[in-house]
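J.: Residue numbers (the working numbering): 810 to 949.
C-beta atoms are modelled at their ideal positions from N, C-alpha and C, and glycine is treated no differently.
Below you will find the structure I want to go over with you.
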Amino acid sequence: MYSDSILLNFIYQNARFGIIITDNIKENIEDNNFKEIIDSQYLKYFDICEKSLKLYIKLDKKEKELIKTGMNGFDVNKKLLRVRRSNKLPNILKENSIKVVENLTYYLNHYIGKNELIIDLANKLIGIENEKIERLQEFL
C-alpha cells in the first residue's frame, strides 16, 4: 500500500525523468513532427513536476528531500540516453511510456490515500504517457 508521499514521489520521479530524457534527445531530433511531440511533452512533464513538488511541500516534506529521494532512486534508462540519432528512439520512448503507465496504474491501485489532487496528477501523467504512445505510432 502506498501513501501520499510515496505516490507523489513516484509521480515526480517519472515526470522528472521525462524532462531529463527530453533535454538529452531533443537537440538531435531532425524530424520536425517528432521534435514537436517531444517539445510538447516537455512542458507537460514540467507542469507535473511543479505541481507534485507543491503538493509534497504541503505534506510537510521539504522540497530538497523529494528531489534527493527522486534522484537517488532514479534508474535512468541509459540505453535511452545513448540512442540519440536512431530510428530506435521512438520505440524505446514508447516502451518507456508503457512501463510508466503500467507502474503508475499499479501504484494508484495500491494507493491508500484519498487526496484527489494526487490522484488527478497521477491520472494526468498517465494521460501524457498514453498520448505519447499514440503519437509515436507514426514513427515506428
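What residue from Q946, I937, N932, G922 has the CA that sits closest to Y811's CA?
T.: With distances taken between Cα atoms, Y811 lies closest to G922.
J.: On the DSSP bridge assignment, give the partners of Y811 in chain order.
T.: Per DSSP, Y920.
J.: Hey, out of L945, L898, F855, E947, whose CA is closest to I820's CA?
T.: Ranking the options by Cα distance to I820, first place goes to F855.
J.: Let's test the definition: count the other Cβ atoms within 10 Å of the Cβ of T914 and tell me whether it reaches 16, buried, or not, exposed.
T.: Exposed, by the Cβ-count rule.
J.: Do you know offhand how far N939's Cα is from L902's?
T.: Distance between the alpha carbons of N939 and L902: 11 Å.
J.: Just to confirm, is the Cβ distance from I857 to K933 under 8 Å?
T.: Result yes, Cβ atoms of I857 and K933 sit closer than 8 Å.
J.: Quick one: grab the DSSP three-state call for I797.
T.: Given that the chain is displayed from residue 810 to residue 949, the structure contains no residue 797 and the question cannot be resolved.
J.: Once you ignore the five residues that flank G879 on each side, which residues in its own chain have a CB closer than 7 Å to its CB?
T.: Caution applies to G879, whose pLDDT of 48 falls short of 50 and renders its modelled position unreliable; the model cannot decide the point.
J.: Kindly indicate which three-state DSSP category K897 falls into: helix, strand or coil?
T.: Note: K897 maps to coil in three-state DSSP.
J.: Quick test of your reading: I828 and I838, contact by CB under 8 Å. State the CB separation rounded to the nearest angstrom.
T.: In fact, because the Cβ distance is near 16 Å, the residues do not count as touching under 8 Å.
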